[in-house]
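Peer 1: Quick one: the structure is below, questions incoming.
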Amino acid sequence: MEEKPRIEVLTTPSNHDGVRLQVENVIVKNRDSFNFKMTELPHMEVAIETLKSGTADLLAMSIEQWKSLDTDGLKISAFLPRREPTMVLVGDDKPEYLPLNATVICPKKLVKRQLLRMRPDLSVYQLHEFIELNNITDTDDEFDIGEDLELLENMRIDGLIDGYVISRGQFSQIKTRVRRHTLGMQREKPSQEFERSKFISPPLEGFTVLVSRDGFPTAVIKTLNDEAAETCYDIENSIFESLPDSLKQICGIYVEQKKLSTILKQYVKLIDDSYALKIGENYLIPSRKKTREQRTKWNPSRDITQGPRICIHFELLGRDSNVSLELVRIEPKFENKFERGKNVLIQEIKFLVELLQQDHDELKRLIDGLPDEYRLAKPGLLKL
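Start counting at 1 in the sequence shown, then tack on 120, and there's your number in the numbering used here.
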């Protein structure tokens, strides 16, 4: 009988980001293939130095930690399946039904602008801004995550705020029973005029990696690696790093791998019982078979490349949340054809951001059919 590889994995106490729980689940599910030993250390910095000293094999961390801490001499050996990257609004009501001029605490500039785009009447603050504005005492200058959550929930219960935005991992740490409302991209009925606005998540959220020293035989843990998560990270990180620092905190980037049938089903939601498909007519064909509800079944055309697709979503919101730029590209994964699409998207972002910020000079002549005001000089549409 072949002996199972012995692997020691370092972890740290839960940072309320979902990493610790995910690693524990992976170890439990793969005990038949590996002889795991999990060792907990008090801080990530201590864990990194322990890994570098050679007394362990792997260290679990989030991508945020990987990019912000000293990881010289280390490498990413495996990606775990991506955790849900969307943020959640904690409160009694959905964002559509919050009271007029409701107060919401939100740590992310991007999500703040997304909320104000949806509800311009909201008052959205970061936690430290709200504390200073209302002279709240009995608080320290620096909080840990657990103290933040307790303070936010107490303020909500006391009626000082109507809700607050946190990650899903942080929500799991709340001890009291309270409702959450996902700020995601799902739209059950996109054709409806008042469907909830999309919330493209902040970049690089939800990635968990297993880090090792340079020279570690990555092939040993190949079965632990999630190729879809690795591919999505490479694309998302390339787009993120191509942006200037001024845009990184106010843009949303989300890359996902989807089956072709899943993408087509989303388009089907836009059509009725008759053949009324306007976009993508070359990609869907009606079938004579009907479901129990007597709706036409739609099948993919044989003329298109089969296989999964890489879906790239990008969004940038202006300072006043009244102007936004959104780009979506769907590329085949076959033979890394998505690489060209990614590079094209990066160039389009740079071009459109520059174009939307340009001032418009006064036109020399009046164009037929347009009002006189159209020819007047105007500032750029996008104010960052």
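Even glycine gets a Cβ: it sits at the ideal position worked out from N, Cα and C.
Small disclaimer: the values here were computed from a predicted structure and weren't measured.
Any contact between the segment 128 to 145 and the segment 157 to 164? By contact I mean 3 or more CB pairs, one from each, below 8 Å.
Peer 2: Flag = yes, the segment 128 to 145 and the segment 157 to 164 touch.
Peer 1: With distances taken from CA atoms, which of 230, 225, 256 is nearest residue 247?
Peer 2: Position 127 of the sequence shown holds residue 247. The shortest Cα separation from residue 247 among 230, 225, 256 belongs to 225.
Peer 1: Cβ of residue 323 within 8 Å of Cβ of residue 378?
Peer 2: Numbered from 1 along the sequence shown, position 203 holds the residue referred to as residue 323. Numbered from 1 along the sequence shown, position 258 holds the residue referred to as residue 378. Contact: no.
Peer 1: For the beta strand (DSSP E) containing residue 129, list its first residue and its last residue.
Peer 2: Within the sequence shown, residue 129 is the residue found at index 9, counting from 1. Counting along the chain, the beta strand (DSSP E) containing residue 129 begins and ends at 126 to 131.
Peer 1: Quick one, are the C-beta atoms of residue 253 and residue 369 less than 8 Å apart?
Peer 2: Counting from one through the sequence shown, the residue named residue 253 turns up at place 133. Counting from one through the sequence shown, the residue named residue 369 turns up at place 249. Not a contact, by the Cβ cut-off of 8 Å.
Peer 1: Using the C-alpha atoms, what's the distance from residue 484 back to residue 281?
Peer 2: Mapped onto the sequence shown, residue 281 falls at position 161. Mapped onto the sequence shown, residue 484 falls at position 364. The straight-line gap from Cα to Cα measures roughly 52 Å.
Peer 1: Below 8 Å on the Cβ atoms is my contact criterion, and I expect residue 445 with residue 465 to pass it. Report the Cβ-Cβ distance as a whole number of Å.
Peer 2: For the purposes of this step, residue 445 is taken as residue 325 along the sequence shown, with counting starting at 1. For the purposes of this step, residue 465 is taken as residue 345 along the sequence shown, with counting starting at 1. Contact doesn't hold; Cβ gap of about 12 Å is too wide.
Peer 1: Per DSSP, which residues does residue 434 bridge with? Please list them.
Peer 2: Counting from one through the sequence shown, the residue named residue 434 turns up at place 314. DSSP output for residue 434 lists 373, 447 as bridge partner(s).
Peer 1: Specify the secondary structure class of residue 144 as computed by DSSP and reduced to three states.
Peer 2: Within the sequence shown, numbered from 1, the residue matching residue 144 stands at position 24. Of the three classes helix, strand and coil, the one that applies to residue 144 here is helix, per DSSP.
Peer 1: For residue 488 and residue 498, I'd like the C-alpha separation in whole angstroms.
Peer 2: Here the question's residue 488 lines up with position 368 in the sequence shown. Here the question's residue 498 lines up with position 378 in the sequence shown. One C-alpha to the other measures close to 19 Å.
Peer 1: Which word fits residue 373, buried or exposed, when buried means at least 16 other C-beta atoms lie within 10 angstroms of its C-beta?
Peer 2: Counting from one through the sequence shown, the residue named residue 373 turns up at place 253. Classification for residue 373: buried.
Peer 1: Between the segment 327 to 338 and the segment 195 to 204, do at least 3 Cβ pairs fall closer than 8 Å?
Peer 2: yes
Peer 1: I'd like to know whether the C-beta atoms of residue 344 and residue 319 end up nearer to each other than 8 Å.
Peer 2: Your numbering for residue 344 matches position 224 in the sequence shown. Your numbering for residue 319 matches position 199 in the sequence shown. For residue 344 and residue 319, no; Cβs fall outside 8 Å.
Peer 1: Tell me the residue span of the alpha helix (DSSP H) that contains residue 237.
Peer 2: On the sequence shown, residue 237 is found 117 positions in, with the first residue counted as 1. Counting along the chain, the alpha helix (DSSP H) containing residue 237 begins and ends at 229 to 238.
Peer 1: How would you label residue 353, buried or exposed, when you count the other beta carbons within 10 angstroms and need 16 or more for buried?
Peer 2: Reading the sequence shown from its first residue, position 233 is the one you call residue 353. Residue 353 comes out buried.
Peer 1: Output the distance between the C-alpha atoms of residue 459 and residue 241, rounded to the nearest integer angstrom.
Peer 2: Mapped onto the sequence shown, residue 459 falls at position 339. Mapped onto the sequence shown, residue 241 falls at position 121. The straight-line gap from Cα to Cα measures roughly 41 Å.
Peer 1: Residues bridged to residue 498 by DSSP?
Peer 2: Along the sequence shown, read from residue 1 onward, the residue named residue 498 stands at position 378. Bridge partners of residue 498: 480.
Peer 1: By Cβ distance, which residues of its chain are closer than 8 Å to residue 358, with the 5 residues on each side in sequence left out?
Peer 2: On the sequence shown, residue 358 is found 238 positions in, with the first residue counted as 1. The answer, listed in chain order, is 462, 466.
Peer 1: Since residue 283 and residue 236 are thought to touch, with beta carbons under 8 Å apart, how far apart are those beta carbons, to the nearest angstrom?
Peer 2: Working through the sequence shown from its first residue, we reach residue 283 at position 163. Working through the sequence shown from its first residue, we reach residue 236 at position 116. Incorrect: roughly 14 Å between the Cβ atoms, too far for contact.
Peer 1: Apart from the five residues on each side of it in sequence, which residues of its chain come closer than 6 Å, Cβ to Cβ, to residue 223?
Peer 2: Translated into the one-based positions of the sequence shown, residue 223 becomes position 103. Same-chain partners within the cutoff: 243, 281, 282.
Peer 1: Determine, using beta-carbon pairs with one atom in the segment 137 to 146 and one in the segment 168 to 181, whether at least three such pairs fall under 8 Å.
Peer 2: yes
Peer 1: Around the Cβ of residue 277, are there at least 16 other Cβ atoms within 10 angstroms (buried) or fewer (exposed)?
Peer 2: Stepping through the sequence shown from its first residue, residue 277 is reached at position 157. Residue environment analysis places residue 277 among the exposed positions, since fewer than 16 neighbouring C-beta atoms fall within 10 angstroms of its C-beta.
Peer 1: State the Cα-Cα distance for the pair residue 312 and residue 289, rounded to the nearest angstrom.
Peer 2: Numbered from 1 along the sequence shown, position 192 holds the residue referred to as residue 312. Numbered from 1 along the sequence shown, position 169 holds the residue referred to as residue 289. For residue 312, the predicted model reports a pLDDT of 49, less than 50, meaning its position is unreliable; a value from the coordinates is still stated below. Looking at the two C-alpha atoms, the distance is approximately 31 Å.
Peer 1: Tell me the residue span of the beta strand (DSSP E) that contains residue 245.
Peer 2: Mapped onto the sequence shown, residue 245 falls at position 125. Note, residue 245: beta strand (DSSP E), 243 to 245.
Peer 1: Helix, strand or coil: which one does DSSP assign to residue 452?
Peer 2: In the sequence shown, the residue the question calls residue 452 occupies position 332. The answer is strand: DSSP assigns residue 452 an E or B state.
Peer 1: Between residue 226 and the ligand MG, is there a pair consisting of the residue's CB and a ligand heavy atom that are separated by less than 7 Å?
Peer 2: With respect to the ligand MG, the structure offers nothing, as it holds no ligand at all.
Peer 1: Could you tell me which residues DSSP pairs with residue 158 in its beta bridges?
Peer 2: Walking along the sequence shown from the start, residue 158 turns up at place 38. Answer by DSSP bridge pairing, in chain order: 129.
Peer 1: Which one or two residues does DSSP pair with residue 153 in a beta bridge?
Peer 2: Residue mapping note: residue 153 aligns to position 33 of the sequence shown, counting from 1. DSSP output for residue 153 lists no bridge partner at all.
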